[in-house]
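Read in order, the letters of the sequence shown are residues 64 to 309 in my numbering.
Read the structure below first, then the notes.
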Amino acid sequence: MKVVFKRPESLTKKEFHFCPGCHHGIAHRLVAEVIDQLGIRERTIGIAPVGCAVFLYDYFNLDVAESPHGRAPAVATGIKRSQPEKVVFCYQGDGEITAIGTAEIIHAANRGENFTVIYINNAVYGMTGGQMAPTTIVGQKASTCPYGRDPSNSGYPIRMVEMLATLEAPAFLARVALNSPANVKRARRAIKRAFEMQLNQVGFSMVEVLSACPTNWRMSPLKACRWIEEEMMRYFPLGVYKEKEI
(Lines of atoms letter the chains of each structure in order from A and count residues from 1; the text may use other names and numbers.)
(Lines give C-alpha, C1' and ligand atoms only; values in the text may rest on other atoms or scores of the structure.)
Protein backbone atom coordinates (compact mmCIF):
# COMPACT_ATOMS: atom_id res chain seq x y z
CA MET A 1 0.00 0.00 0.00
CA LYS A 2 1.31 3.44 -0.93
CA VAL A 3 2.10 5.68 2.06
CA VAL A 4 0.73 9.18 1.54
CA PHE A 5 1.15 10.61 5.05
CA LYS A 6 3.54 9.73 7.86
CA ARG A 7 5.61 11.20 10.65
CA PRO A 8 8.59 13.15 9.27
CA GLU A 9 11.97 11.55 9.90
CA SER A 10 13.07 14.82 11.50
CA LEU A 11 10.50 14.40 14.30
CA THR A 12 10.82 11.90 17.15
CA LYS A 13 7.94 9.72 18.32
CA LYS A 14 7.51 11.72 21.53
CA GLU A 15 4.06 13.28 21.96
CA PHE A 16 3.88 17.07 22.08
CA HIS A 17 3.19 18.70 25.45
CA PHE A 18 1.43 21.68 23.89
CA CYS A 19 -2.09 22.70 24.95
CA PRO A 20 -5.08 21.55 22.88
CA GLY A 21 -5.49 23.82 19.86
CA CYS A 22 -1.98 25.25 20.09
CA HIS A 23 -0.32 25.67 16.71
CA HIS A 24 3.22 24.87 17.86
CA GLY A 25 2.73 21.24 16.86
CA ILE A 26 1.77 22.23 13.32
CA ALA A 27 4.75 24.57 13.08
CA HIS A 28 7.08 21.82 14.33
CA ARG A 29 5.78 19.44 11.70
CA LEU A 30 6.16 21.94 8.87
CA VAL A 31 9.78 22.63 9.80
CA ALA A 32 10.46 18.88 10.02
CA GLU A 33 8.82 18.23 6.65
CA VAL A 34 10.94 20.90 4.99
CA ILE A 35 14.14 19.54 6.54
CA ASP A 36 13.24 16.06 5.27
CA GLN A 37 12.38 17.31 1.80
CA LEU A 38 15.65 19.21 1.50
CA GLY A 39 17.62 16.21 2.80
CA ILE A 40 19.51 18.22 5.41
CA ARG A 41 18.62 16.48 8.70
CA GLU A 42 22.10 15.12 9.39
CA ARG A 43 23.65 18.58 9.23
CA THR A 44 20.90 20.69 10.78
CA ILE A 45 21.15 22.29 14.23
CA GLY A 46 18.15 23.85 15.97
CA ILE A 47 18.37 26.54 18.65
CA ALA A 48 15.78 26.17 21.43
CA PRO A 49 15.39 29.12 23.82
CA VAL A 50 13.21 29.58 26.89
CA GLY A 51 9.45 29.48 26.31
CA CYS A 52 6.97 27.02 24.87
CA ALA A 53 9.68 25.81 22.47
CA VAL A 54 12.12 24.92 25.23
CA PHE A 55 11.68 21.16 24.64
CA LEU A 56 12.63 21.35 20.96
CA TYR A 57 15.29 18.72 21.58
CA ASP A 58 12.61 16.22 22.63
CA TYR A 59 10.66 16.55 19.40
CA PHE A 60 13.24 17.06 16.66
CA ASN A 61 15.41 14.16 15.59
CA LEU A 62 18.49 16.31 15.09
CA ASP A 63 21.04 18.28 17.09
CA VAL A 64 19.57 21.05 19.25
CA ALA A 65 21.35 23.67 21.36
CA GLU A 66 19.71 25.56 24.22
CA SER A 67 20.10 29.33 24.53
CA PRO A 68 19.28 31.89 27.22
CA HIS A 69 15.97 33.69 26.79
CA GLY A 70 16.07 35.86 23.67
CA ARG A 71 19.67 35.05 22.81
CA ALA A 72 19.05 32.37 20.17
CA PRO A 73 20.28 34.58 17.29
CA ALA A 74 23.56 35.18 19.13
CA VAL A 75 24.01 31.43 19.71
CA ALA A 76 23.06 30.72 16.09
CA THR A 77 25.61 33.28 14.91
CA GLY A 78 28.39 31.54 16.82
CA ILE A 79 27.44 28.08 15.60
CA LYS A 80 26.99 29.11 11.97
CA ARG A 81 30.22 31.09 11.82
CA SER A 82 32.23 28.28 13.41
CA GLN A 83 30.53 25.56 11.35
CA PRO A 84 29.36 27.22 8.12
CA GLU A 85 28.54 23.89 6.52
CA LYS A 86 25.77 23.29 9.07
CA VAL A 87 22.15 24.35 8.56
CA VAL A 88 21.10 26.40 11.59
CA PHE A 89 17.62 27.54 12.60
CA CYS A 90 16.17 29.33 15.63
CA TYR A 91 12.65 28.61 16.84
CA GLN A 92 11.46 31.56 18.92
CA GLY A 93 8.33 33.18 20.31
CA ASP A 94 7.11 36.77 20.19
CA GLY A 95 8.08 37.33 23.82
CA GLU A 96 11.70 36.78 22.79
CA ILE A 97 11.83 38.33 19.34
CA THR A 98 10.00 41.54 20.28
CA ALA A 99 11.07 41.91 23.91
CA ILE A 100 14.13 40.50 25.65
CA GLY A 101 15.81 39.48 22.38
CA THR A 102 14.99 42.48 20.21
CA ALA A 103 18.62 43.59 19.96
CA GLU A 104 19.80 40.11 19.00
CA ILE A 105 17.31 39.62 16.17
CA ILE A 106 17.76 43.12 14.74
CA HIS A 107 21.54 42.98 14.68
CA ALA A 108 21.68 39.40 13.37
CA ALA A 109 19.36 40.45 10.54
CA ASN A 110 21.34 43.64 9.93
CA ARG A 111 24.56 41.65 9.65
CA GLY A 112 22.88 39.24 7.24
CA GLU A 113 23.82 36.19 9.29
CA ASN A 114 23.18 33.11 7.17
CA PHE A 115 20.68 31.23 9.33
CA THR A 116 16.91 30.86 9.52
CA VAL A 117 14.47 32.03 12.20
CA ILE A 118 11.01 30.58 12.77
CA TYR A 119 9.17 33.23 14.77
CA ILE A 120 5.95 32.13 16.51
CA ASN A 121 3.64 35.07 17.23
CA ASN A 122 0.68 34.24 19.48
CA ALA A 123 0.32 37.78 20.86
CA VAL A 124 0.87 36.83 24.52
CA TYR A 125 3.51 35.40 26.84
CA GLY A 126 2.22 31.86 26.39
CA MET A 127 4.32 29.82 28.82
CA THR A 128 4.15 32.12 31.86
CA GLY A 129 0.42 32.78 32.11
CA GLY A 130 -0.72 34.85 29.15
CA GLN A 131 0.65 38.25 30.13
CA MET A 132 0.60 41.13 27.64
CA ALA A 133 3.43 40.88 25.11
CA PRO A 134 4.86 43.49 22.73
CA THR A 135 2.67 41.85 20.07
CA THR A 136 -0.60 41.92 22.04
CA ILE A 137 -3.28 43.54 19.87
CA VAL A 138 -4.78 46.90 20.90
CA GLY A 139 -7.86 46.12 22.98
CA GLN A 140 -6.86 42.47 23.46
CA LYS A 141 -7.27 41.28 27.04
CA ALA A 142 -4.43 39.52 28.83
CA SER A 143 -3.62 38.64 32.43
CA THR A 144 -1.69 41.90 32.89
CA CYS A 145 -4.15 44.06 30.92
CA PRO A 146 -7.58 42.67 31.88
CA TYR A 147 -9.36 45.63 30.26
CA GLY A 148 -7.45 45.31 27.00
CA ARG A 149 -4.20 46.76 25.73
CA ASP A 150 -4.26 50.55 25.89
CA PRO A 151 -1.78 52.14 23.45
CA SER A 152 -1.64 55.36 25.48
CA ASN A 153 -0.06 53.33 28.27
CA SER A 154 1.56 50.35 26.58
CA GLY A 155 2.27 51.52 23.06
CA TYR A 156 1.34 49.61 19.93
CA PRO A 157 2.12 46.02 18.88
CA ILE A 158 5.48 45.65 17.17
CA ARG A 159 5.48 44.48 13.55
CA MET A 160 8.90 42.84 13.50
CA VAL A 161 8.85 41.59 9.90
CA GLU A 162 8.08 45.08 8.61
CA MET A 163 10.79 46.52 10.84
CA LEU A 164 13.44 44.10 9.60
CA ALA A 165 12.35 44.66 5.99
CA THR A 166 13.75 48.20 6.22
CA LEU A 167 17.25 46.73 6.62
CA GLU A 168 19.48 46.06 3.63
CA ALA A 169 20.88 42.65 4.56
CA PRO A 170 17.94 40.24 5.16
CA ALA A 171 17.34 37.79 2.31
CA PHE A 172 13.83 36.57 3.04
CA LEU A 173 11.13 37.88 5.38
CA ALA A 174 7.55 36.58 5.41
CA ARG A 175 4.49 36.35 7.63
CA VAL A 176 2.20 33.31 7.52
CA ALA A 177 -0.60 31.79 9.60
CA LEU A 178 -1.71 28.28 10.59
CA ASN A 179 -5.44 28.83 11.07
CA SER A 180 -6.62 27.05 7.92
CA PRO A 181 -5.41 24.27 5.59
CA ALA A 182 -4.72 26.80 2.83
CA ASN A 183 -2.62 28.95 5.15
CA VAL A 184 -0.75 25.89 6.43
CA LYS A 185 0.26 25.08 2.84
CA ARG A 186 1.42 28.64 2.29
CA ALA A 187 3.37 28.53 5.55
CA ARG A 188 5.17 25.38 4.45
CA ARG A 189 6.24 27.02 1.18
CA ALA A 190 7.54 30.07 3.05
CA ILE A 191 9.51 27.95 5.53
CA LYS A 192 11.05 25.98 2.67
CA ARG A 193 12.00 29.21 0.92
CA ALA A 194 13.64 30.50 4.09
CA PHE A 195 15.81 27.38 4.37
CA GLU A 196 16.67 27.58 0.67
CA MET A 197 18.00 31.09 1.22
CA GLN A 198 20.39 29.71 3.82
CA LEU A 199 21.41 26.74 1.68
CA ASN A 200 22.23 29.08 -1.19
CA GLN A 201 24.27 31.41 1.02
CA VAL A 202 21.94 34.37 0.37
CA GLY A 203 21.71 35.41 4.02
CA PHE A 204 19.35 35.93 6.94
CA SER A 205 15.79 34.63 6.65
CA MET A 206 12.82 34.76 9.01
CA VAL A 207 9.26 33.48 8.83
CA GLU A 208 6.77 34.94 11.29
CA VAL A 209 3.96 32.48 12.09
CA LEU A 210 0.66 33.75 13.49
CA SER A 211 -0.19 31.01 15.96
CA ALA A 212 -3.16 30.24 18.22
CA CYS A 213 -2.93 30.14 22.02
CA PRO A 214 -6.46 29.04 23.01
CA THR A 215 -5.55 28.46 26.68
CA ASN A 216 -4.35 32.01 27.34
CA TRP A 217 -6.80 33.61 24.93
CA ARG A 218 -9.60 31.87 26.85
CA MET A 219 -11.07 30.59 23.59
CA SER A 220 -11.94 27.29 22.00
CA PRO A 221 -9.49 26.13 19.31
CA LEU A 222 -12.08 26.91 16.62
CA LYS A 223 -12.72 30.42 17.92
CA ALA A 224 -8.97 31.00 18.22
CA CYS A 225 -8.52 30.22 14.52
CA ARG A 226 -11.28 32.66 13.68
CA TRP A 227 -9.67 35.31 15.91
CA ILE A 228 -6.42 35.00 13.97
CA GLU A 229 -8.37 35.63 10.75
CA GLU A 230 -10.51 38.47 12.09
CA GLU A 231 -8.11 40.29 14.43
CA MET A 232 -4.46 39.26 14.16
CA MET A 233 -4.26 39.25 10.38
CA ARG A 234 -5.80 42.71 10.29
CA TYR A 235 -2.90 44.17 12.25
CA PHE A 236 -0.27 41.65 11.08
CA PRO A 237 -0.98 41.18 7.34
CA LEU A 238 0.27 37.98 5.73
CA GLY A 239 2.71 38.02 2.86
CA VAL A 240 6.33 38.07 1.72
CA TYR A 241 7.94 41.34 2.80
CA LYS A 242 11.40 40.82 1.35
CA GLU A 243 12.87 38.23 -0.98
CA LYS A 244 16.25 38.34 -2.66
CA GLU A 245 17.03 36.29 -5.73
CA ILE A 246 18.83 33.00 -5.29
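C-beta atoms are modelled at their ideal positions from N, C-alpha and C, and glycine is treated no differently.
Would you list, in sequence order, the uninterrupted alpha helix (DSSP H) runs of no fewer than 4 residues that lie entirely inside the region 184-260? 214-217 and 223-228
Under 8 Å between C-beta atoms of I254 and V270: yes
Distance, Cα to Cα, T229 vs V303? 13 Å
By the three-class DSSP mapping on this structure, what secondary structure does S145 have? helix
Could you have a look at G156 and say whether DSSP puts it in helix, strand or coil? strand
First and last residue of the alpha helix (DSSP H) that includes G88? H87 to L101
Which residues in the same chain have their Cβ closer than 7 Å to the Cβ of H80, if we skip the five residues on either side of it in sequence? F118
If we require 3 or more residues per run, which beta strand (DSSP E) segments fall completely within the region 102-146? 107-111 and 126-129
If you pair each beta-carbon of the region 159-170 with each one of the region 193-204, do three or more pairs fall below 8 Å? yes
Where N173 and K65 are concerned, what is the direct C-alpha to C-alpha distance, given to the nearest angstrom? 46 Å
Pick from K248, A166, S268 and N177: whose alpha carbon is nearest that of T140? N177
Within the chosen definition, does the region 218-236 reach the region 256-267 through at least 3 CB pairs nearer than 8 Å? yes
Alpha-carbon spacing of E308 relative to R256, whole angstroms: 11 Å
Check the DSSP bridge columns for G84 and list the partner residues they point to. According to DSSP, G84 bridges with nothing at all.
Which same chain residues end up closer than 7 Å to I142 when comparing Cβ atoms and leaving out the 5 residues on each side of it in sequence? I108, A128, K149 and V151
C153 and P136 look like a contact to me (Cβ under 8 Å); what is the Cβ gap, rounded to whole Å? 6 Å
Verify whether the separation of the beta carbon atoms of G211 and Q203 is less than 8 Å. yes
Which same chain residues end up closer than 6 Å to I168 when comparing Cβ atoms and leaving out the 5 residues on each side of it in sequence? P136 and I160
Counted within 10 angstroms of its Cβ, other Cβ atoms place Q146 as buried (16 or more) or exposed: exposed
Which listed residue (M296, M295, A90 and F258) has its alpha carbon closest to that of Q100: F258
Could you pull the DSSP bridge partners for E271 from this structure? Y182 and R238
Do you know how far the Cα of S283 is from the Cα of R289? 10 Å
Coarse secondary structure for L262, derived from DSSP in three states: helix
L262 classed as buried or exposed, judged by whether at least 16 other C-beta atoms fall within 10 angstroms: exposed
Given T207, which residues of its chain have a CB within under 8 Å of its CB, disregarding the five upstream and five downstream residues? Q194 and M195
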